[in-house]
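Written out below as structure tokens is the structure these notes cover.
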DNA sequence: TCCACCGTTCAATAATGACTTAACGAAATA
DNA sequence: TATTTCGTTAAGTCATTATTGAACGGTGGA
């Protein structure tokens, strides 16, 4: 494990974000990249990351793309340079707002749609007698409550966005 | 893949929650268990799950324990029965409140503590000259803003709990 | 006391997906 | 046009972890 991020604090951030990411089911390397950029005053190139973190260039390429899709980093061109540079989006409010727009909101709408589908299928199940009236009643109740919750969250989203 | 959950809607829920879990880095089988319990009017035993989902009893045992630690299911004894029965916690508000108490809140306090540690290390790095004044200034700024954000969230938590 | 029933644990296996090496394609420079 | 410099892609390797089968311990009934 070379690569050597000599600064104690920087290394700590890289490690911490890396572990956080892997706990969330994301690749650890992406977290390390974000940690490195977060602790860097200047934007970094892919090769900078490879040098600092000791990972392959492919990982750096994939990782940066993932992070950009999550709105956690952005591209930052340098005047004379041909290659790509990246910098972290460090403002928590911006990060949250990005996550809401890019991940949460799409997920919520998709989820509500699926809920409707399931409710239709459930009705069919009931008619075919594969579910008793009692079973389907309770099942429907739970699904509807979940749907109302989704609605409520969607309504709250604009306020949350402003609050952060 | 036997096991056969004959109901179309129930099978859909099992699949959906299973996929959701594995996207979140949790075992898919745990998600399947939750989906099954969510769609069941009656509490189920480990053997019920094994029969319905076609998984091993070990998985069912591990899965139920995980779900209980997340507050997503609870134990529900039946009168004459000797074995354990489980039912899903289906109320979204209860689930969220449990997650806030069991996961979010502990994470926030641990995170703030770590932030302080890193700030100390950063100061040491600056004194040793491994970080320039400019670098450390920007780094400190970002960490402090993150800390203020954590504080704000912690203050908001009680309100969020009531809101859901 | 023995037996049957349950849930848990442990070692081994299987499957998932992160990561790397190597080859490729585009763009700029010579 | 040839060459270098980049970033991406694809195939294969490797590591991690979910899952399983089998053995175990405990508890209640016969």
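Protein chains in written order, with the working numbering: chain A, 1 to 164; chain B, 1001 to 1164.
Glycine residues also receive a C-beta, built at the ideal position from the N, C-alpha and C atoms.
These numbers come from a predicted model, not from an experiment.
By the CB criterion at 7 Å, residue 74/A and residue 95/A fall outside the cutoff. Residue state for residue 44/A is assigned as strand, using DSSP reduced to three classes. Under the three-state reduction of DSSP output, residue 1023/B falls in the helix class.
Identification of chain B residues near residue 76/A by a Cβ-Cβ cut-off of 9 Å yields none; the smallest Cβ-Cβ distance measures about 14 Å. Counting only the Cα atoms, residue 1118/B lies some 29 Å from residue 1026/B. Distance from the Cα of residue 1093/B is smallest, within the candidate group 149/A, 133/A, 7/A and 15/A, for 149/A. When the five nearest sequence neighbours on each side are left out, no beta carbon in the same chain lies closer than 8 Å to the beta carbon of residue 1041/B. Look at the stretch 45 to 56 of chain A: it has no residue with a C-beta under 9 Å from a C-beta of chain B.
The residue from 1047/B, 1152/B and 1034/B with its alpha-carbon nearest to that of residue 1109/B is 1152/B.
Taking 9 Å as the cut-off between beta carbons, the residues of the stretch 1080 to 1103 of chain B near chain A are 1088, 1090, 1091, 1092, 1093 and 1096, in sequence order. In this chain, the beta strand (DSSP E) harbouring residue 1074/B covers 1073 to 1075. Neighbours of residue 16/A in chain B, taken as residues whose beta carbon is under 9 Å from its own, are 1111, 1114 and 1118 in chain order. Per DSSP, the unbroken beta strand (DSSP E) holding residue 88/A starts and ends at 85 to 88. When CB distances to chain B are screened at a threshold of 7 Å, the residues of the stretch 120 to 141 of chain A falling below it are 121, 122, 124, 125, 130, 131, 134, 135, 138 and 139, in chain order. Residue 12/A belongs to the set of residues whose beta carbon lies under 7 Å from a beta carbon in chain B. With a threshold of 7 Å between beta carbons, residue 1024/B makes contact with chain A. Identification of chain B residues near residue 145/A by a Cβ-Cβ cut-off of 8 Å yields 1090, 1091 and 1092, ordered along the chain.
In the structure shown, residue 51/A falls within a helical segment according to DSSP collapsed to helix, strand and coil. Any Cβ of chain A closer than 7 Å to the Cβ of residue 1009/B would place that residue at the interface, and such an atom is present.
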